[in-house]
Amino acid sequence: MNFKSIFYGLAITLFVFNCSSSSDDDMTAQPDPDPDPTPTEKVTYNADIKSIISSNCTSCHGSTLSNNAPMSLTTYAQVSSYIDAILDRINRTGAGKMPVNGTLSTTQKNLIQKWKDDGLLEN
């Protein structure tokens, strides 16, 4: 009977200690598997802005100006040099708002602003 009690006591003790962990591995902070799911890439003229300007601005601000447009916006140099005026006009809600026959989406406006903030990169 004594042997049986010692055996069961020892078995229970081993079971309890084997189920617990004395390791600090589970206490270590795990890195976030996806720390930034939407990386912020730099906005460039050729990749992002040129298509917005071509689709929305060059009907008046093309190489041949129309509708009293004061400047052409067909090249990187032209668009980057007039960026403050462009941002002013696309963000207006009343007189002087551009484009005249529509509006840019908030996403497009934000993209143009980010392009300026990123340093007006061409490529």
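Going by UniProt numbering, the final residue of the sequence shown carries number 123, and the count climbs one at a time with no gaps. In this text, a Cβ means the ideal position worked out from N, Cα and C, and glycines have one as well. All figures in this text were calculated on a predicted structure; none of them were measured in a lab.
Count the other CB atoms within 10 Å of the CB of residue i; is the residue buried (16 or more) or exposed (fewer)?
{"i": "residue 73", "result": "buried"}
{"i": "residue 8", "result": "exposed"}
{"i": "residue 5", "result": "exposed"}
{"i": "residue 86", "result": "buried"}
Go to residue i, then tell me how far its alpha helix (DSSP H) extends in each direction, as first and last residue.
{"i": "residue 76", "result": "76 to 81"}
{"i": "residue 112", "result": "106 to 117"}
{"i": "residue 101", "result": "Counting along the chain, residue 101 falls outside any alpha helix (DSSP H), and DSSP gives it neither H nor E."}
{"i": "residue 59", "result": "Premise fails: residue 59 is in no alpha helix (DSSP H) and is neither H nor E."}
Confirm, please, whether the CB-CB distance from residue j to residue i is below 7 Å.
{"i": "residue 108", "j": "residue 52", "result": "yes"}
{"i": "residue 60", "j": "residue 66", "result": "yes"}
{"i": "residue 120", "j": "residue 43", "result": "no"}
{"i": "residue 122", "j": "residue 82", "result": "no"}
Skipping 5 residues on each side, what residues in its chain have a beta carbon closer than 7 Å to that of residue i?
{"i": "residue 114", "result": "43"}
Under 6 Å Cβ to Cβ from residue i, same chain only, skipping five residues before and after it: list those, please.
{"i": "residue 90", "result": "98, 104, 109"}
{"i": "residue 118", "result": "42, 43"}
{"i": "residue 78", "result": "72"}
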